[in-house]
Amino acid sequence: MAIFSNLKALPNPVLLLSLLVVLACFTSPSAANFHKTAEITWGDGRAKIIDGGRGLSLSLDNSSGSGFQSKNEYLFGRFDMQLKLIPGNSAGTVTTFFLSSQGQGHDEIDFEFLGNSSGHPYTVHTNVYSQGKGDKEQQFHLWFDPTAAYHTYSIVWNTQRIIFLVDNIPIRVFHNHDSSGVPFPKSKPMKVYCSLWNADDWATQGGLVKTDWTKAPFVAYYRNFNISSCAAGGACDSRSENSWQVYELNAKERNRLRWVQQKHMVYNYCADNKRFSQGTSHECKRSRF
12 MAIFSNLKAL PNPVLLLSLL VVLACFTSPS AANFHKTAEI TWGDGRAKII
62 DGGRGLSLSL DNSSGSGFQS KNEYLFGRFD MQLKLIPGNS AGTVTTFFLS
112 SQGQGHDEID FEFLGNSSGH PYTVHTNVYS QGKGDKEQQF HLWFDPTAAY
162 HTYSIVWNTQ RIIFLVDNIP IRVFHNHDSS GVPFPKSKPM KVYCSLWNAD
212 DWATQGGLVK TDWTKAPFVA YYRNFNISSC AAGGACDSRS ENSWQVYELN
262 AKERNRLRWV QQKHMVYNYC ADNKRFSQGT SHECKRSRF
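In terms of the numbering used here, the sequence shown opens at residue 12 and continues consecutively.
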């Protein structure tokens with residue numbers, strides 16, 4: 012790194028200040044170790060850090076699921092996680108990767124992967140909560156088998172928008188329309204949460220297909236938990252030219268987003284006139300891009 016090339020020539024106070032700036036800006040190492048960045052929070056041994064900290068597995072049986080969370084909380088950032096989902100008959104199961112604050116009127120940004128019976132695709136469920144209110148679901152079927160290999164799922168969250176990405180392909184953008192009365196998560200720090208649990212009362216085809224416990228334990232795998240975010244003291248990571256702080260889709264990404272939403276979206280709250288008979292929210296009337 013060029014910043015280190017002339018450190019020996021700097022006076023000691025300047026050297027110390029430079030080192031502090033570098034450490035503040037780079038808040039998360041590449042391919043972070045789960046021992047350092049995460050803590051297992053529930054599951055009674057069903058969650059395991061594996062591969063020397065490079066991976067983590069979550070397990071579900073008919074007694075309990077399991078979960079973990081980040082050790083730190085963040086206000087804005089880019090959050091990347093690689094997942095390999097439950098193969099075969101995963102009906103009734105929900106595998107998650109999401110951000111959430113705590114307390115009354117919480118904020119939340121969700122990736123939830125709803126299992127299905129063998130031969131049917133997973134449903135990728137996304138949602139945004141602000142001030143305790145959600146009801147902003149969009150769902151997708153993926154264009155690949157998410158159980159055959161690891162794929163990267165990302166959340167970019169800044170003051171202007173929230174972007175959901177799969178293998179760096181945007182699938183959803185939620186813009187900040189706070190000035191028009193649409194609450195937007197912007198003031199409450201959030202932790203990263205991941206879990207595997209049973210929700211066969213609603214997860215698969217509206218609860219019609221139940222979990223087959225003869226297939227248990229169900230196991231999902233996580234790795235490459237990477238975060239670029241603001242440090243506690245306010246310094247932010249701006250390593251890339253298209254930093255998460257100002258990330259806006261370019262023309263190629265907008266075309267990819269249109270392709271995903273036209274070919275792979277299976278539910279959009281903005282088009283659910285039956286559910287929202289009094290009219291959809293303000294942001295539904297604005298451009299998706």
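We put the beta carbon where it would ideally sit given N, CA and C, even for glycine.
Since we're looking at a predicted model, the values are computed, not measured.
Rounded straight-line distance, which links the Cα of residue j to that of residue i
| i | j | result |
| --- | --- | --- |
| residue 292 | residue 193 | 8 Å |
| residue 214 | residue 108 | 16 Å |
| residue 278 | residue 96 | 21 Å |
| residue 153 | residue 182 | 10 Å |
| residue 87 | residue 256 | 8 Å |
| residue 195 | residue 122 | 17 Å |
| residue 62 | residue 51 | 16 Å |
| residue 145 | residue 198 | 16 Å |
| residue 66 | residue 234 | 4 Å |
| residue 191 | residue 220 | 40 Å |
| residue 324 | residue 155 | Lying outside 12 to 300, the shown extent of the chain, residue 324 is not represented and no answer is given. |
Cβ-Cβ separation, residue j to residue i (assumed contact under 8 Å), whole Å
| i | j | result |
| --- | --- | --- |
| residue 68 | residue 232 | 5 Å |
| residue 210 | residue 73 | About 14 Å separates the two Cβ atoms, so there is no contact after all. |
CB of residue i within 7 Å of CB of residue j, strictly
| i | j | result |
| --- | --- | --- |
| residue 136 | residue 150 | yes |
| residue 45 | residue 205 | no |
| residue 294 | residue 201 | no |
| residue 100 | residue 223 | yes |
| residue 98 | residue 133 | no |
| residue 71 | residue 207 | yes |
| residue 237 | residue 43 | yes |
| residue 129 | residue 203 | no |
| residue 147 | residue 258 | no |
Own chain, CB closer than 7 Å to residue i, minus 5 neighbours either side, in chain order
| i | result |
| --- | --- |
| residue 75 | 54, 55, 57 |
Beta-carbon contacts of residue i that lie in its chain and below 6 Å, excluding the five residues immediately before and after
| i | result |
| --- | --- |
| residue 59 | 68 |
| residue 185 | 139, 173 |
Nonlocal neighbours in the same chain, by C-beta distance under 8 Å from residue i, ignoring five residues either side
| i | result |
| --- | --- |
| residue 116 | 142, 143 |
Item to complete: Decide if the segment 98–106 is in contact with the segment 168–182; the criterion is three or more beta carbon pairs, one per stretch, under 8 Å apart.
Response: Judged by Cβ distances under 8 Å, the segment 98–106 makes no contact with the segment 168–182, as fewer than three pairs qualify.
Item to complete: Take every Cβ of the segment 161–173, pair it with every Cβ of the segment 262–273, and state whether three or more of those distances are shorter than 8 Å.
Response: With a cut-off of 8 Å, the segment 262–273 and the segment 161–173 do not count as touching, because too few Cβ pairs lie within range.
Worksheet item: Between the segment 153–165 and the segment 85–96, do three or more beta carbon pairs fall short of 8 Å?
Response: Cβ pair count under 8 Å is three or more, so yes.
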